[in-house]
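Final position of the sequence shown in this note's numbering is 336; the numbers increase by one with none missing.
C-beta: ideal position from N, C-alpha, C; glycine also.
The structure under discussion appears below in the form of structure tokens.
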Amino acid sequence: MTSTPKHILVTGGAGFIGSHLVDVLLTSGHRVVVVDDLSTGDLKNLSSAQVTAGDRLQFMHTTVSNALGNFNAPRFDEIYHFAAAVGVRLIVQHPSQSIETNIYETSAAIRWAIRDGAKLLVASSSEVYGKSLRVPFSESDDVLFGPTTSARWSYGYSKALDEFLALAAVAESHLQTVIVRFFNTVGPRQKGEWGMVLPRFIQAALAGKPLEVHGDGSQQRCFCDVRDIVPALIQLVGLEAGMGRIFNIGSDAMISIQALASRVIRVTESISQIQNVTHEQVFGKIFEDIQVRQPNLERIRSAIGFAPVIPLDSTIADIARSLRGAHHQEHAA
Ligand SMILES: NC(=O)c1ccc[n+]([C@@H]2O[C@H](COP(=O)([O-])OP(=O)(O)OC[C@H]3O[C@@H](n4cnc5c(N)ncnc54)[C@H](O)[C@@H]3O)[C@@H](O)[C@H]2O)c1
4 MTSTPKHILV TGGAGFIGSH LVDVLLTSGH RVVVVDDLST GDLKNLSSAQ VTAGDRLQFM
64 HTTVSNALGN FNAPRFDEIY HFAAAVGVRL IVQHPSQSIE TNIYETSAAI RWAIRDGAKL
124 LVASSSEVYG KSLRVPFSES DDVLFGPTTS ARWSYGYSKA LDEFLALAAV AESHLQTVIV
184 RFFNTVGPRQ KGEWGMVLPR FIQAALAGKP LEVHGDGSQQ RCFCDVRDIV PALIQLVGLE
244 AGMGRIFNIG SDAMISIQAL ASRVIRVTES ISQIQNVTHE QVFGKIFEDI QVRQPNLERI
304 RSAIGFAPVI PLDSTIADIA RSLRGAHHQE HAA
């Protein structure tokens with residue numbers, strides 16, 4: 004229990020990263036309001052939190068902009084803004100709705116933080132670096148997007164606009180905000196439906212189905228367990244020197260997608276095979292993938308000593324365990 008319980012809003016708190024943060028905030032004794040439209044989130048993600056927290060957890064099933072006009076409770080001390088249309092596949096399939104969600108809902112979260120004098124964490128993305136070739140990516144690097152005729156870049160553009168909006172509010176309204184660029188974050192509760200690679204691979208491995216690798220699988224990514232990420236988010240919001248700044252967050256240990264698929268098969272002891280499919284087969288059109296995506300973590304290391312410790316094999320095993328558990332529950336019901 005913390006000595007000074009805070010009143011905290013988590014937008015998108017029924018989603019993957021948000022719900023893990025909610026668990027930790029409640030365990031620390033804070034009062035938490037979750038605003039989530041359940042478009043990709045799931046109330047089940049909050050079920051253990053609901054049991055332990057009682058009336059310290061309030062859930063509002065709506066969008067951020069709707070909630071802003073209809074919430075009359077005491078002001079928030081902190082706002083963590085995760086609500087967004089997440090993932091390139093979702094954006095490619097529903098471009099206008101996704102772009103609007105990412106921009107308008109962030110604008111609402113910023114207005115809410117200014118109104119309450121709350122500290123705001125904005126969830127941005129490594130997609131903001133676009134197809135930059137300057138690896139590892141540093142927060143002050145130039146970014147390189149593809150043309151607006153390719154919908155896949157609109158996720159990165161929309162997250163970049165979120166950053167512009169937040170930084171403009173720092174200059175114009177003295178907003179206290181920290182912007183976090185997530186690299187691939189993984190762990191239990193992440194859904195594979197919208198293309199997130201690790202849960203998709205583990206679901207296939209558990210079902211004995213082929214693990215579909217897009218392209219030749221030589222793309223390199225860095226995966227970090229959400230349980231390493233969440234404490235760092237709380238530290239960043241508490242760091243005065245972090246206000247108005249952007250931080251990369253994730254792991255910098257690279258693995259190719261082909262090697263990731265093999266790793267999943269090994270850890271889950273699956274009989275599945277790897278199947279390489281073209282991006283055009285998956286997305287139905289020309290798709291420009293990013294070959295290497297790795298964060299430079301110097302800034303977050305020197306700010307809060309960030310050092311992820313959970314090995315990828317443990318994360319894979321935990322995700323597999325939680326998916327098997329969910330499967331048993333569904334079939335027992
Ligand atoms: N997981 C990653 O690897 C990763 C990488 C880069 C950036 N991010 C960012 O982190 C944040 C959280 O992502 P996640 O992986 O937990 O995804 P998620 O889809 O599990 O979480 C997003 C949540 O926002 C909710 N939501 C969507 N639109 C909303 C709206 N208009 N109003 C209220 N709620 C809404 C969804 O229902 C969901 O619960 C997002 O902003 C995402 O862009 C995540």
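Problem - Local conformation of residue 221 per DSSP, three classes - result: coil
Problem - Enclosing alpha helix (DSSP H) for residue 297 [first to last residue] - result: Neither: residue 297 is in no alpha helix (DSSP H) and is coded neither H nor E.
Problem - Heavy atom of ligand 2 within 6 Å of residue 41 beta-carbon - result: Ligands present in the displayed structure are limited to ligand 1, and ligand 2 is not among them.
Problem - residue 145 (DSSP reduced to helix, strand or coil) - result: coil
Exercise for the section: Can you check DSSP and say which residues form a bridge with residue 83? Expected result: 13 and 124
Exercise for the section: Give me whichever residues DSSP pairs with residue 157 in a beta bridge. Expected result: Paired residue(s): none; residue 157 is not in a bridge.
Handout entry: Those runs of the alpha helix (DSSP H) which lie wholly inside the stretch 222-257 and span at least 4 residues
Key = 229-240
Problem - Cβ-based burial, residue 136 [other Cβ within 10 Å; buried from 16] - result: exposed
Exercise for the section: For residue 40, collect the residues of the same chain with a Cβ closer than 8 Å to its Cβ; drop the 5 residues on either side in sequence, then sort them by chain order. Expected result: 64, 65, 66 and 86
Problem - Near ligand 1: residue 128 beta-carbon under 6 Å from a heavy atom - result: yes
Exercise for the section: Using the DSSP secondary-structure output, state which residues sit across from residue 188 in a beta bridge. Expected result: 227
Practice task
Quick one: grab the DSSP three-state call for residue 75.
Solution key: coil
Handout entry: Where residue 202 falls, given that 16 or more other Cβ within 10 Å makes a residue buried
Key = buried
Exercise for the section: Would you identify the three-state DSSP class for residue 312, choosing helix, strand or coil? Expected result: coil
Practice task
Just tell me which of 112, 101 and 81 has its CA closest to the CA of residue 90.
Solution key: 101
Practice task
Look at residue 162 and residue 131 and say whether their C-beta atoms are less than 7 Å apart.
Solution key: yes
Handout entry: Extent of the continuous alpha helix (DSSP H) to which residue 266 belongs
Key = 260-271
Practice task
Check whether the Cβ of residue 251 lies closer than 6 Å to any heavy atom of ligand 1, and answer yes or no.
Solution key: no
Problem - Residues of its chain near residue 48, where Cβ-Cβ distance is below 6 Å and the 5 sequence neighbours each way are ignored - result: 17, 22 and 192
Problem - Any non-hydrogen atom of ligand 1 within 6 Å of residue 67 CB - result: yes
Handout entry: Contact test: residue 187 Cβ vs ligand 1 heavy atom, cutoff 6 Å
Key = yes
Handout entry: Residue range of the alpha helix (DSSP H) that includes residue 92
Key = 91-96
Practice task
Would you check if the distance between the CB atom of residue 169 and the CB atom of residue 113 is smaller than 7 Å?
Solution key: yes
Handout entry: DSSP bridge partner residues for residue 277 (one or two, in chain order)
Key = 214
Exercise for the section: State whether the stretch 232-242 contacts the stretch 263-278, with contact taken as three or more CB pairs (one from each stretch) at a distance under 8 Å. Expected result: no
Problem - Residue interval of the beta strand (DSSP E) (run including residue 37) - result: 34-38
Exercise for the section: Put residue 180 into one of helix, strand or coil per three-state DSSP. Expected result: strand
Practice task
Would you identify the three-state DSSP class for residue 326, choosing helix, strand or coil?
Solution key: helix
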